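**Student:** Protein sequence lines correspond, in order, to chains A and B. First residue of the first sequence? That's 2 in our numbering, and the numbers climb one at a time after it. First residue of the second sequence? That's 15 in our numbering, and the numbers climb one at a time after it. For every residue, glycine included, the Cβ atom is placed at its ideal position computed from N, Cα and C. The model shown is predicted, which means the values in this text are computed figures rather than measured ones.
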Amino acid sequence: MKEVTVHPERCVGCMQCMIACATAHSQTRQVLTALMETPLPKSRVHVGAGLYNEGFPNRCRHCNPAPCMVACLAGAILRDPERDTVLVNPDKCINCAGCAMACPYGVIRFHEDSTAPPDKTVAVKCDNCDQRQAEGLIPACVEVCKSGALTFEESTDALKRKTDEVARSVSRGAEEMSLSPAFSLLTAAKRAQLSL
Amino acid sequence: MKYVIVGNGIAGISAAEAVRQLDPSGHMTLIGDETALPYSRPMISMVLDGSTPLEKLPIRSPGIYDDLNIETRLGNRISEIDAGRREVVIEGGKRVPFDRLLIATGADARPVEVPGTDLKNIYTMRTEAHVRHIIQTLPTVRNPLVLGGGLVGFKAAYGLLKRGLKPTMLITSPYPLSMQVDEVAGKMILDELVRHGLTVRVGISVKAFEGSKMVEGALLSDDSALPCDLVIAGKGVVPSLSFVPQDRISVGQGIFVDEHMETSLKGVFAAGDVAEHFDIARKTRWMNAIWPEAAMQGRVAGMNMAGRNVSYTGSLSRNVMRIFDLDLMTMGLANPKADSEYDVLNAHGFRNNLYRKLVFRGNVLVGAVLVNGIEQGGLLLALIQNETPISISRKKLLEPGFNFRQIMN
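(1) With distances taken Cα to Cα, identify the nearest neighbour of A/CYS69 among A/GLN31, A/ILE109 and A/VAL171.
(2) Could you give the first and the last residue of the continuous beta strand (DSSP E) run that contains B/PRO111?
(3) Is the beta carbon of B/VAL155 within less than 7 Å of some heavy atom of the ligand FAD?
(4) With 16 other CB atoms within 10 Å as the buried threshold, where does B/PHE338 fall?
(5) Name the chain A residues that come within less than 7 Å of B/PRO56, Cβ to Cβ?
(6) With a cut-off of 8 Å on the beta carbons, I'd call B/ASP341 and A/ALA98 a contact; round off their distance for me.
(7) Would you mind giving the Cβ-Cβ distance between B/VAL102 and B/PHE112, rounded to the nearest angstrom? I have them listed as a contact below 8 Å.
(8) Bridge partners for B/TYR369 per DSSP, in chain order?
(9) If you measure beta-carbon to beta-carbon, which residues of the stretch 383-398 of chain B are closer than 8 Å to chain A?
(10) Report the residue from B/CYS242, B/LYS169 and B/VAL20 whose alpha carbon sits nearest the alpha carbon of B/GLY64.
(11) Which residues in chain B sit within 7 Å of A/ILE78, going by Cβ to Cβ distance?
(12) Using a Cβ cut-off of 8 Å (strictly closer), state whether A/VAL71 contacts chain B.
(13) Give the residues from the stretch 50-68 of chain A that approach chain B closer than 9 Å (Cβ to any Cβ), ordered along the chain.
(14) List the residues of chain A whose Cβ lies closer than 8 Å to the Cβ of B/VAL195, in chain order.
(15) Checking contacts by CB at 8 Å: is B/ILE203 closer than that to chain A?
(16) Can you grab the Cα-Cα spacing for the pair A/ALA204 / A/CYS64, in whole Å?
(17) Mind listing the chain B neighbours of A/ARG11? Cutoff is C-beta to C-beta under 7 Å, in chain order.
(18) Between the stretch 23-33 of chain A and the stretch 53-67 of chain A, do at least 3 Cβ pairs fall closer than 8 Å?
(19) On a CA-only basis, which of B/PRO76, B/LEU379, B/THR154 and B/PRO181 is nearest B/ALA396? Give me that one, please.
(20) Checking 8 Å against the spacing of the C-beta atoms, do B/GLY308 and B/ILE117 come in under that value?
(21) How would you list, in chain order, the residues of chain B whose beta-carbon sits under 9 Å from the beta-carbon of A/ALA98?
(22) What does a CB cutoff of less than 6 Å around B/GLN194 pick up in its chain, not counting 5 residues either side in sequence?
(23) Using DSSP's beta-bridge definition, name the partner residues of B/LYS134.
(24) Whose CA, out of B/ASP80, B/ALA171 and B/SER219, lies closest to the CA of B/LEU62?
(25) Between A/LEU79, A/VAL32, A/ALA159 and A/ASP131, which lies nearest to B/ARG74 when the distance is taken from Cα to Cα?
(26) Relative to the C-alpha of B/MET422, which candidate in A/PRO9, A/VAL46, A/GLU4 and A/VAL5 has its C-alpha closest?
(27) Hey, B/PRO414 and B/LEU372 are a contact pair by Cβ (cut 8 Å); roughly how many whole angstroms apart?
(28) Measuring CB to CB, does B/ALA289 end up less than 8 Å from B/GLY316?
(29) Between which two residues does the beta strand (DSSP E) containing B/ILE19 stretch?
(30) State buried or exposed for B/GLN399, treating a residue as buried only when at least 16 other CB atoms are found within 10 Å of its CB.
(31) Taking the beta strand (DSSP E) that A/VAL5 belongs to, which residues open and close that run?
(32) CA-CA distance, B/ALA222 and B/LEU212?
(33) What residues in its chain sit with their C-beta under 6 Å from that of B/VAL110, if we drop five residues either side in the sequence?
(34) At the 8 Å Cβ level, is B/PHE418 part of the contact set with chain A, yes or no?
(35) Report all residues from its chain with a CB closer than 7 Å to the CB of B/VAL314; omit the five preceding and five following residues, and keep chain order.
(36) Just the C-alpha distance for B/GLY9 and B/THR131, rounded to the nearest angstrom, thanks.
Dropping the structure here:
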């Protein structure tokens, strides 16, 4: 089964994944019309700034066992075994924030959402774009990512590639691993700024 | 293998599910006092405030016992554990033999011990049955009184306000939730409550209740009288362990358990509000009678009962609540005594009504209080639980922009 993999060293912090995510979870699924919707669609992936202002697209890891699921007082969080995705049932959610307290990554937000009953604040998190996947599309954040920080692939493939990269990097005479050029530049600039 | 689980709450049912995952064929008996399907105890206050109907409380489907192939004995508590014959005795005398036993009997509301508590309309709020009874009294109630500024008192008062009543809340401590928060956060909560029409009196308690059949008034510790026709007491809980043979099973505040949730008697486990585990932040034995602990402990106990060696390093106190427009999250050792062993950091943004407090022991985070901006609270909790040495600037953890990226390397 394919999963979204995050490659933090490649993220340039452009936040396009956030816009794509919000659009994918809007009612009209077009960015211009999505902006005029009520409730305003919001992203489920959150690009946070690191210590050197480097970006990182933080999203739900769909942990198993999921701490949010164990902590949920209302039994509103469940796992869809088909896509191994942890989902919130907005009808059952009581907005108690118990899941936010349990989530070790801080990826759950609370607001109104078009999938929830009107005027009800609920817990909102990544659903692996289950609707898009049912239509044969890949998750929106991956589709839009230009720097390769988000990929959609078999986790075994991703692991194998990473293992190979590490193996190569420790080989005698290995070249330094190449990061995305933009990221390398940004990081170098940020670190230089900090040391001034 | 004969499994017996005593307790029909979240710890008991989580354990039953874990056992069944690992042992599809062992015989399992579940004994419970409450006959309702396993339900969300923290949500009973939402039945009181009218936002959730009773039917929405169950957290498992009606077929759960059949699905897990469990024999149920509901409606009675147990009166004895016969450690020698390895049997539990249900009230009324029925004996059930066990190879592996889980005590997940939870806790009962602490009774108010003043004269006059036998009068009608004086309740505690612990079970769905309690809330059903309280709701039945509401049409005739004019002056409700809530005792205790803890979580239950709080939710009771909130529920009554939502029902259009004007409750009075009596708190013994100088500010509400004194077990959970520090003075700054406590005062912020108090202000929020008062702003919404609750009458709160601090530093005062009840000496006696008066009335002929129904409760009609309370005599207070300052010798004044207060008319009331409904009392909800939230004075904490006491673990239900009167049946435990204390010569065979070590008991402190609760039943002592090791990292496998096993008691001092081999093959007998305990989990949830009745168990006393090691507290990660306090570095001592401690009762953490909260829902997520009960769910986790039940699960770990179940796996160990079924023969898988799983350890649970310790429990941690924590709570989150939303009080009108205020979100409050507390975790670990949130309110340490003034002591050089701890470093306390504060940030207070009055404009956004933000408050954050972090407690460190050495370079390890051991406690936190957050008022508003609570979305990243789970990150802090994970840092406390894993005793992660904090290598980045501590001030970063206080900032609203704190996020997972900053603790990645």
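**Tutor:** Judging by the given coordinates:
(1) Residue A/ILE109 holds the alpha-carbon nearest to the alpha-carbon of A/CYS69 among A/GLN31, A/ILE109 and A/VAL171.
(2) 109-111
(3) Within the structure as shown, the ligand FAD is missing, as the structure has no ligands at all.
(4) B/PHE338 counts as exposed, since fewer than 16 other C-beta atoms from the protein chains shown sit within 10 angstroms of its C-beta.
(5) The answer, in chain order, is LEU74.
(6) Yes, B/ASP341 and A/ALA98 are in contact; Cβ-Cβ is about 7 Å, under 8 Å.
(7) Approximately 6 Å separates the beta-carbon atoms of B/VAL102 and B/PHE112; this is inside 8 Å, confirming the contact.
(8) Its beta-bridge partners are B/HIS362 and B/VAL385.
(9) ILE388, GLU389, GLN390, GLY391, GLY392, LEU393, LEU395 and ALA396
(10) B/LYS169
(11) Ordered by position in chain B, no residue passes the 7 Å Cβ test against A/ILE78, which lies about 11 Å from the chain.
(12) yes
(13) Going along the stretch 50-68 of chain A in chain order, one finds ALA50, GLY51, LEU52, GLU55, GLY56, PHE57, ASN59, PRO66 and PRO68 with a Cβ nearer than 9 Å to chain B.
(14) Correct list: empty, because the minimum Cβ distance to chain A is about 14 Å.
(15) No, its Cβ sits nowhere closer than 8 Å to a Cβ of chain A.
(16) Outside the modelled stretch of chain A, which goes from 2 to 197, sits residue 204 of chain A, for which no answer is possible.
(17) Those do not exist, as A/ARG11 stays about 13 Å from chain B at its closest Cβ, beyond 7 Å.
(18) no
(19) B/LEU379
(20) According to the sequence shown, residue 308 of chain B is Ala rather than Gly. For B/ALA308 and B/ILE117, no; Cβs fall outside 8 Å.
(21) VAL334, MET335, ARG336, ASP341, MET343, ILE388, GLU389 and GLY391
(22) Setting aside the 5 residues that flank it on each side, B/GLN194 is surrounded in the same chain by ASN333 and THR344, each with a C-beta closer than 6 Å to its C-beta; the list follows chain order.
(23) For B/LYS134, the beta-bridge partners assigned by DSSP are B/MET228.
(24) B/ALA171
(25) A/LEU79
(26) A/PRO9
(27) Contact doesn't hold; Cβ gap of about 14 Å is too wide.
(28) no
(29) 16-20
(30) buried
(31) DSSP places A/VAL5 inside the beta strand (DSSP E), whose first and last residues are 3-7.
(32) 22 Å
(33) Once the five neighbours on either side are set aside, the close Cβ partners of B/VAL110 are VAL18, THR43 and VAL102.
(34) yes
(35) MET275, VAL324 and TYR326
(36) There is no way to answer for residue 9 of chain B, as the model of chain B reaches only from 15 to 423.
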